[in-house]
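If you read the sequences in order, they're chains A and B. Numbered according to the numbering used here, the first sequence spans residues 1 to 189. Numbered according to the numbering used here, the second sequence spans residues 1 to 233. Even glycine gets a Cβ: it sits at the ideal position worked out from N, Cα and C. Remarks on the structure that follows.
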Amino acid sequence: MPSDEELLSGFLKGDHAAFDELMARHEDRIFGLCLRMLGSRDDALDATQDTFLTVYRKGRQYSGRSKFSTWLYRVAINTCHDHLRKRKRHETMPIPEGTDPPDSSVGDQFDSVELRPDILTALSSIPQEFRSAVVFVDIDGLALDEVAEILGVPIGTVKSRTYRGRRLLAEFLGNFRGMPEHQRDEDHA
Amino acid sequence: MKTMHDHDLDRIAAVAEGGLSGQDLAAAQAEIAACAECSRDLQAQRTALAYLRQSRPITLTSIERARLHRAVHPAPTRSRWLRLAPVFAAAVALVVVAGVLLPNGGTTRTLLPEGKNLENSQELGSAGGARTPAEISSTTAASATTAMPTSDAMLSSPSPLFAKADELRQNPPANATTLCHDEARSRLDEESITASDVDYNGTPAVMYVYPKTALIFDQETCAFLEEIPADNP
C-alpha cells in the first residue's frame, strides 16, 4: 500500500486517483477534528472541504520534513481557526488564572450517560487553544511532539494547554447541572 | 513556599493518565496527597480524561461524504487542448464525413465560435487531413466534459456562451447568482466578475465569469461542465 507521501507525490504528477485515495484515508479524521473544533457538522464539513482544497492547491508546499498527516492536521487546524475567527463565535478568551478546580465529587455524577453533556458542547466551553490541544492529545491520541509540530508551539506549551484544557473541561462538567457552584458547595457542606 | 503544584504539573498529569507505576507512582501519589490543590487538580484531570476517552470516532454521513467529494473533486489539470481532444476528434470526423457526402468541396454551413460562417467545410480541417493546434484553436473551442453534443450543435455551442461571457464582463448584473460559488471559487483563486444563469445544451447552468475565462456549472449539482477561455476564437 502506498504511503501518504507517495500518494501526494503521485497526485502532484497528475494522478488524481492518488488524491482521491488521500482523501479517503483522512477525510473522517479531519472531519472529526473540525467538528470538535467548530461544534457544528455544517461548519465542520466546510472546514474539511477547505482543508482538502488547500491540499489540492498547495500540495507542492508540503516539504516532506514532517509526516504528511502532520502537515494535513496543521492545514486543518489552521482552517478551523480561520473559521472561528470569521464567525467570531468562539473568540479566544484570556486564560483564566487561579480558577477554582471543580468539586472532587463531580466525576461520579457523570457516570450516568443521561447526565453527560454533549461532548461538543463541553469542548466548545473551553478556549480554542486549549480545545485543540485536548482534542489532539486526549481524543486523537497524538504524541506530544507531533501536536507541538502541528500547532507550531513547544512541547511544554502543548502539555500546559492540555492540562489547563482538562481542568476547564472538568470545571464545566462540574457546573453542568446548572446549579451555581456556591450553592452546590453549600449542598455538599 | 512552593508546592508541588507550582512546578510539577507533568507529574499530576502522568498520574492521571496512568503513565507511572511502581515506586514512581507511589511517590507521586504521596506527594499529591500532601497537597490539597494537587489532589483537586488530579481529580479534575481524571474527570476530564475519563470523559474525553469515551468520545467515539466521528464519521461523515453518506450525504456529507458525497457533498465533500463533489466540492473537492479535483479540477482538471490536463491542458485545455488535451481535454478538448475528443471534441477535436469529432470535429475532424465531421469534416471527413462532410467531404465524403459533399464531393468536390461541396458546400455546407458550419457556425464557428465567433459566429463566422464558412461556406466550405473543408476549410475547417484541411480537407480532412491532420489539423494543427492553431487550426483547431481557430475553429473549435467547445469542450464537453460531460455529454458530447452533436456535431453542428457542438461547433456552434461555444458561440452564444462566449458571447454571453463577454457581455457579462462588460455589463455585470447587479444581483448576480451565488449558486455554486464555492465550487467556482475552488476552480480559480481569483474572484469572479459576476455570474449568471445560462442554458447549456438545454440544461440549466450557471456561468461564472472571470477576466480571462468563464466556468460553467450544472445548476442543480454544481458539477463542472465547461471552461470557456476569454481568448476563445
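Quick check on this structure: which residue in the options has the alpha carbon closest to the alpha carbon of residue i?
i, options, result
"Gly202(B)", "Thr213(B), Ala163(B) and Asp218(B)", "Asp218(B)"
"Gln45(B)", "Phe11(A), Thr121(A), Gly174(A) and Arg167(A)", "Arg167(A)"
"Leu169(A)", "Ala14(B), Lys212(B) and Gln43(B)", "Gln43(B)"
"Leu225(B)", "Gly19(B), Arg70(B) and Ile193(B)", "Arg70(B)"
"Pro173(B)", "Ser196(B), Thr61(B) and Pro229(B)", "Ser196(B)"
"Glu227(B)", "Glu220(B), Ile216(B) and Tyr51(B)", "Ile216(B)"
"Leu151(A)", "Thr121(A), Lys86(A), Thr79(A) and Leu120(A)", "Thr79(A)"
"Val72(B)", "Lys58(A), Val147(A), Asp50(A) and Gly64(A)", "Asp50(A)"
"Thr221(B)", "Gly18(B), His181(B) and Ser192(B)", "His181(B)"
"Glu27(A)", "Ala230(B), Arg65(B) and Leu25(B)", "Arg65(B)"
"Ile193(B)", "Glu37(B), Ala34(B), Asp24(B) and Thr213(B)", "Thr213(B)"
"Ala24(A)", "Lys58(A), Gly14(A) and Thr48(A)", "Thr48(A)"
"Leu194(A)", "Val158(A), Phe172(A) and Lys13(A)", "Because residue 194(A) is not part of the residues shown, which for chain A are 1 to 189, the question remains open."
"Ile126(A)", "Tyr56(A), Glu171(A) and Arg57(A)", "Glu171(A)"
"Ala230(B)", "Asn175(B), Pro160(B) and Ile63(B)", "Pro160(B)"
"Ala14(B)", "Glu37(B), Ala223(B) and Asp41(B)", "Asp41(B)"
Would residue i pass as a contact of residue j if the rule is Cβ separation under 8 Å?
i, j, result
"Leu49(B)", "Ala27(B)", "no"
"Gly39(A)", "Ser124(A)", "yes"
"Val135(A)", "Arg36(A)", "yes"
"Phe68(A)", "Leu8(A)", "yes"
"Ala165(B)", "Val209(B)", "yes"
"His83(A)", "Asp43(A)", "yes"
"Leu45(A)", "Leu68(B)", "yes"
"Ile58(B)", "Ile32(B)", "no"
"Phe130(A)", "Arg161(A)", "yes"
"Leu52(B)", "Ile139(A)", "yes"
"Gly165(A)", "Ala133(A)", "yes"
"Ser63(A)", "Glu149(A)", "no"
"Glu146(A)", "Thr70(A)", "yes"
"Phe22(A)", "Arg60(A)", "The sequence as given places Leu at residue 22(A); Phe does not occur at that position. No, they are not a contact pair."
"Thr47(B)", "Leu173(A)", "yes"
Would the C-beta of residue i count as close to the ligand FMN, meaning under 7 Å from any of its heavy atoms?
i, result
"Trp71(A)", "Here there are no bound small molecules, and the ligand FMN is not part of this structure."
> Given a limit of 8 Å on CB to CB distance, which residues of the segment 37 to 53 of chain B reach chain A?
Replying inline: Glu37, Ser39, Arg40, Asp41, Gln43, Ala44, Gln45, Arg46, Thr47, Ala48, Leu49, Ala50, Tyr51, Leu52 and Arg53
>> Does the segment 68 to 75 of chain A come into contact with the segment 13 to 20 of chain A, if we say contact requires no fewer than three beta-carbon pairs (one atom in each stretch) closer than 8 Å?
In response: At 8 Å Cβ cutoff, the stretches do not touch.
> Between the segment 31 to 42 of chain A and chain B, which residues of the former have CB atoms less than 8 Å from a CB of the latter, in chain order?
Replying inline: Phe31, Gly32, Leu35, Arg36 and Arg41
> Which residues, in order along the segment 5 to 26 of chain B, keep a beta-carbon less than 7 Å from a beta-carbon of chain A?
Replying inline: Here the close residues are Leu9, Asp10 and Ala13.
>> Please identify, using Cβ separations under 7 Å, the residues of the segment 14 to 28 of chain A that lie next to chain B, in order along the chain.
In response: Gly14, His16, Phe19, Met23, Glu27 and Asp28
>> Give me the subset of the segment 70 to 89 of chain A whose CB atoms are less than 9 Å from a CB atom of chain B, sorted by chain position.
In response: Contact annotation: in the segment 70 to 89 of chain A, no residue has its CB less than 9 Å from a CB in chain B.
> Mind listing which residues of the segment 114 to 138 of chain A have their C-beta closer than 8 Å to chain B's C-betas, in chain order?
Replying inline: Per Cβ criterion, the list reads Arg116, Ile119, Ala122, Val134 and Asp138.
> Which ranges would you report for the alpha helix (DSSP H) in the segment 1 to 70 of chain A if only whole runs of at least 4 residues count?
Replying inline: Within the segment 1 to 70 of chain A, the complete alpha helix (DSSP H) runs of at least 4 residues fall at 4 to 12, 16 to 38 and 41 to 58.
> Mind listing which residues of the segment 149 to 161 of chain A have their C-beta closer than 8 Å to chain B's C-betas, in chain order?
Replying inline: Lys159 and Ser160
> Of all the residues that make up the segment 45 to 65 of chain A, which are near chain B by a beta-carbon distance shorter than 7 Å?
Replying inline: Leu45, Thr48, Gln49, Phe52, Leu53 and Tyr56
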